[in-house]
Every structure is written in structure tokens, then in C-alpha cells.
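Heads up: the sequence shown runs through residues 63 to 541, numbered per the numbering used here.
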Amino acid sequence: MAREDYEVVMGLEVHAELSTKTKIFCSCPTTFGAEPNTQVCPICMAMPGVLPKLNEKVVEYAVKAGLATNCEISRDSKNDRKNYFYPDTPRAYQISQYDKPLCEHGYIEIETTQGTKKIGITRIHIEDDAAKLDHDNFGGGALIDINRAGVPLIEIVSEADFRSAEEVDAYLKKLKSILEYVEVSDCKMQEGSFRADVNISVRKKGETKFGTRTETKNMNSFRSITRLINYEAERQIDVIENGGVITQETLRWDEVSGKTFSMRDKENAQDYRYFPEPDLVAIKLSDEYIENIRKSLPEMPESRKQRYLNDYKLSEKDAGIITASKHLSDLFEKASEICGNHKAVNNWIISDISRILNENEMDPVEIPFDAEQLAKLVMLIDKGTISSSIGKKVLEELFENPKDPEDIIKEKGWIQISDEGAIKEVVVKIIEANPQSVADFKAGKDRALGFLVGQAMKETKGKANPQMLNKMFAEELKK
Numbered sequence: 063m064a065r066e067d068y069e070v071v072m073g074l075e076v077h078a079e080l081s082t083k084t085k086i087f088c089s090c091p092t093t094f095g096a097e098p099n100t101q102v103c104p105i106c107m108a109m110p111g112v113l114p115k116l117n118e119k120v121v122e123y124a125v126k127a128g129l130a131t132n133c134e135i136s137r138d139s140k141n142d143r144k145n146y147f148y149p150d151t152p153r154a155y156q157i158s159q160y161d162k163p164l165c166e167h168g169y170i171e172i173e174t175t176q177g178t179k180k181i182g183i184t185r186i187h188i189e190d191d192a193a194k195l196d197h198d199n200f201g202g203g204a205l206i207d208i209n210r211a212g213v214p215l216i217e218i219v220s221e222a223d224f225r226s227a228e229e230v231d232a233y234l235k236k237l238k239s240i241l242e243y244v245e246v247s248d249c250k251m252q253e254g255s256f257r258a259d260v261n262i263s264v265r266k267k268g269e270t271k272f273g274t275r276t277e278t279k280n281m282n283s284f285r286s287i288t289r290l291i292n293y294e295a296e297r298q299i300d301v302i303e304n305g306g307v308i309t310q311e312t313l314r315w316d317e318v319s320g321k322t323f324s325m326r327d328k329e330n331a332q333d334y335r336y337f338p339e340p341d342l343v344a345i346k347l348s349d350e351y352i353e354n355i356r357k358s359l360p361e362m363p364e365s366r367k368q369r370y371l372n373d374y375k376l377s378e379k380d381a382g383i384i385t386a387s388k389h390l391s392d393l394f395e396k397a398s399e400i401c402g403n404h405k406a407v408n409n410w411i412i413s414d415i416s417r418i419l420n421e422n423e424m425d426p427v428e429i430p431f432d433a434e435q436l437a438k439l440v441m442l443i444d445k446g447t448i449s450s451s452i453g454k455k456v457l458e459e460l461f462e463n464p465k466d467p468e469d470i471i472k473e474k475g476w477i478q479i480s481d482e483g484a485i486k487e488v489v490v491k492i493i494e495a496n497p498q499s500v501a502d503f504k505a506g507k508d509r510a511l512g513f514l515v516g517q518a519m520k521e522t523k524g525k526a527n528p529q530m531l532n533k534m535f536a537e538e539l540k541k
């Protein structure tokens, strides 16, 4: 059978680290990047006789995430012990939630080239993160850093509603955006605070029974997840077509080779021997508590997008790109308010800023400059202090060395030439050096003027006022 005779079926388990100041069951800080084993205490190190105490903020953030993803919020939930032995789990069990999660039966609507689709969310539950193993390639062992142990997580489990890598990509980006907007997680993928376990199976089109699935854990790159799905689906089809059987197992994705490798057999729920956590009381939530959180939810991406369409007259595409990221959206609003030119701010974000982010595989939250600096760049161009082409150089510099754009152009000598005498001198020089282009212009070829202006900009290293150049060339060529 051909590849098109199969369909891929996927579900996702997304782990998002919550942005609380302290861990889920103790008062240790959650700051990323601290020296190993400096943010630990007897509780998160699992010393004998210690007792956990649930961080109330974790419950609040989980409920916020649930409400923002259209979930039903449980009035009565509890914590459970999920038992498994692994060196990065100090207790040899994780405190999670099993049969009574905080949030259930939600959904997110995504947009793809095939239209709008609703992706079901089975549940959102709270749990604690594991420690981190640093493998020592020289010593042949591993070192453990317990700073991350006890950092609060929400796990967002989807239904098996995905049928393409495009749908998975759209869902993850939408979910990441929602969590950023409600400010429960910074979702910094490069720091592991937003990562996905991807369950993949294939079946022949028309079948209703799911195929045997594989799970690839801790994926924290949109690009890598798309590559994983395309590879693993093809691999499973090849196995079936050659008479083989898919094994339910946990896989590891290798970014360099672009292939998956077996790690271990996939565990089932019974393997974890869940039972209620005896050291924590049940979580009882009142209607008033949930309603107060609902009222505190901020403006969501869809609402902002509609406002940008109505108030700023942005295109559907531009409004969608900007509001997909809370950081980009905040940057747009604040910079527009400062400089009063939302159209220019929009253009910079959609074109050059997005290009640089994509080229460097950066998340918008990693943009090193602020709204004031972007607004200053726009104002310098509007005042004629620099040209748009110099503005592009200033933006590149802002990514490398963020500071006042005015200081940058002074240091680099990039202030625009607007002196009529100096510009006329350049215009005359370019005309004399390009007689063929002059002849082409007089013969009605308008593109020749653009070429001459381009040569003048090159001659002045982009510092000549383009409006004055165009006007002066037109005057000189008519003589």
C-alpha cells in the first residue's frame, strides 16, 4: 500500500513549568540557571521524615490555564503518588494527579490550511518536576542537580485528535500563546519550561481502531517536533508494509541524524502503581474561588486580534502573527503608544524583527530591546534623522547590543545626509558615471531611475535622504 493509504494519529502531553516564585511542595526558589544544588532543602531532596505542603499559587495557575482552555474545573480533586524509580527522582515517586485532576474536558480551536479544527483536552493536572542529570562523558557517569526537583508543572493531555504535523504545530503554538497571555508560565522552550511528549501511531484510512503508538518525550522545539512526526510516521508505515509489528515503546529523538531510537518499553498506568498521596489533603475549590479567577483572566489572543483589526486596521495575517505572542503584542502596543505610528511598528515587527527571530531560532521573549527603543527607532526615521535602510542596520545592532538607537547612530556615523549641496554633488557624479542609465530613463524606462538612486545610496553608504535623492535625480535628468 502507498503512503497516502495510511493516516497518522497523534496525541500530546505538554508539560509547562509554572511561573511561581517557589516550588510546589516547599519554599525553595525556582530561579532558572542557578548554581547546581543551591536551591534545595530537605523536602525537595526527599530526606526521611519530611512532609510536603502544597503551594496554593500552583492550584490558582492550573485553574487559570484550565479556564483559558475551556476546561471544566473540579471542585474536588486530590494528589496521588506515581511510583517509578529513576535517578533524577529523589523520592522514587512523583506527586501527581491520577483519577481526580483539577481540569478536564477542555478544547482549543486551531487554524490550519484545512480550516478551523477543535482539539480536545482530556485533562490538566499538577505535579512536580524531576531533578536534572548532567551526563559526564569523560567520567562515564552522571551528576545530579536537584534545583529543578519540585518545580511545579502542569501537564496538559490532549485527545488523539491530530492527523498531521501542521495540526500539532498549530496546537502547540496556540497553547503556548494562551499560557503566556494568562501569565502562568514563561514557556521558554530553550529552558525546558514548555515541552511535549508526542504519541504517534498509524493506521490504514477508514479504520476506526488506533494503531500501536510510540511516545517520544521532552521535545522542546517546534521544528524538531515536525521532523519527528514526519520521520516516525514513515518509519511505522515501512515496518507495517514489510510485515513487521509496531512495539509500544518510549523513543528518543536524535536531532543530528533525524531519527528515533528505542529507549524502553512504554509504561502503562498500572505500571506506576498510583495511590492517593497520604501526606496531602484533598483540594476543595468553591464556586466563588473559581469565578474570581475567571474574572481575573486577561484579554486573550482572539480578542486582541479582533481589536487590532478594528482599531489599527491591521491585516488579518499581520494581526494573527503579532497576537500569537504576548511579548510581540505587548511590544507592538507599547511602542505604538510611544511613537504614535502603529503602521511603522507593525511593519518592523512583521518584517525585519520576525526575520531575525526566525534566522536565529529565537523566541519573541528573547528580544533583547524594549518598546521604548523600538519606538525611538521609528521616530528617528520619521524625523528624517536616518533612512529606512540605515534603520535596518540599527535594528541589527539592537539585537546585538541593545541601547538607545540615537547613541548607536552617533557612534556609527549613520546620521542621514540631508544637505542639498552634498546630495547634488552625489547625484551629478552618479549621472556622469552612468550614461546608459540616463539614456534608458529618457527613453521611458522608469526602472533606470531606481537604479541611479540605488547607486547613490551605495555611494553614500545608505546615508543620503532617499526622498531628496529621488527629487534631485528627477530634476537633473529633465535638464
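Each residue gets a CB set at the ideal place from its N, CA and C atoms; glycine is no exception.
Computed from a predicted structure; not experimentally measured.
In the structure shown, D300 falls within a helical segment according to DSSP collapsed to helix, strand and coil. A straight line joining the alpha-carbon of A204 with that of I400 spans about 51 Å.
Using a C-beta cut-off of 8 Å, the segment 71 to 86 makes contact with the segment 223 to 231, since at least three inter-stretch Cβ pairs fall below that distance. The Cβ-Cβ distance between L129 and R356 falls below 7 Å. A residue is called buried when at least 16 other Cβ atoms come within 10 angstroms of its Cβ; V307 does not meet this threshold and is exposed.
Residue environment for H197: exposed (fewer than 16 other C-beta atoms within 10 angstroms of its C-beta). For W410, the enclosing alpha helix (DSSP H) starts and ends at 404 to 410.
Q435: member of the alpha helix (DSSP H) spanning 433 to 444, first to last residue.
In this structure, N280 sits away from A96, with a CB-CB distance that is not shorter than 7 Å. Of T82, A518, N408, K523, the smallest CA-CA separation from C249 is found for T82.
When the beta-carbon positions are compared, F87 and G177 stay at least 7 Å from each other. Between V343 and H389, the C-beta spacing is not below 7 Å.
Cβ-Cβ distances below 8 Å link Y233 to L74, I170, I172, I181, S220, F224 in the same chain, with the five nearest sequence neighbours on each side left out; the list follows chain order.
Pairing C165 with C133 gives a Cβ-Cβ distance under 7 Å.
The segment 113 to 128 makes contact with the segment 354 to 370: 3 or more CB pairs, one atom from each, lie closer than 8 Å.
Ranked by Cα distance from D207, the options Q159, F94, Q252 are led by F94. The DSSP-derived three-state label of S324 is strand. Residue range 528 to 540 is occupied by the alpha helix (DSSP H) that includes P528. C401: member of the alpha helix (DSSP H) spanning 388 to 401, first to last residue. The C-alpha of I418 is placed about 15 Å away from the C-alpha of N408. Two segments are said to touch when three or more pairs of C-beta atoms, one from each, lie closer than 8 Å; by this definition the segment 132 to 148 does not touch the segment 365 to 373.
Taken through DSSP and simplified to helix, strand or coil, S283 comes out as coil.
Beyond the five residues adjoining it in sequence on each side, N117 comes within less than 8 Å, by CB distance, of T82, T84, K85, I86, F87, P214 in the same chain, given in chain order.
With 16 or more other Cβ atoms inside 10 Å of its own Cβ, K238 counts as buried.
Between the alpha carbons of V264 and D67 lies a gap of roughly 10 Å. Assignment of beta-bridge partners to K179 by DSSP yields I172. Counting C-beta atoms within 10 angstroms of its own C-beta, S89 has fewer than 16 neighbours from the protein chains shown and is therefore classed as exposed. The three-state reading of DSSP puts F224 in strand, counting E and B together. Residue nearest to G506 within the set E229, L539, I105 is L539 (criterion: CA-CA distance). Within the DSSP secondary-structure output, N145 pairs in a beta bridge with Y155. Taking a contact to require three or more Cβ pairs closer than 8 Å, the segment 524 to 532 and the segment 446 to 457 qualify as touching.
Nearest C-alpha to L113 among E339, E217, V246: E339.
Using a C-beta cut-off of 8 Å, the segment 432 to 446 makes contact with the segment 391 to 406, since at least three inter-stretch Cβ pairs fall below that distance. Leaving aside the five residues that flank A495 on each side, none in its chain has a CB nearer than 7 Å to its CB. Where I206 is concerned, there is no enclosing alpha helix (DSSP H), although the beta strand (DSSP E) around it starts and stops at 203 to 207.
Per the C-alpha coordinates, the member of F503, M519, P497 positioned closest to I485 is M519.
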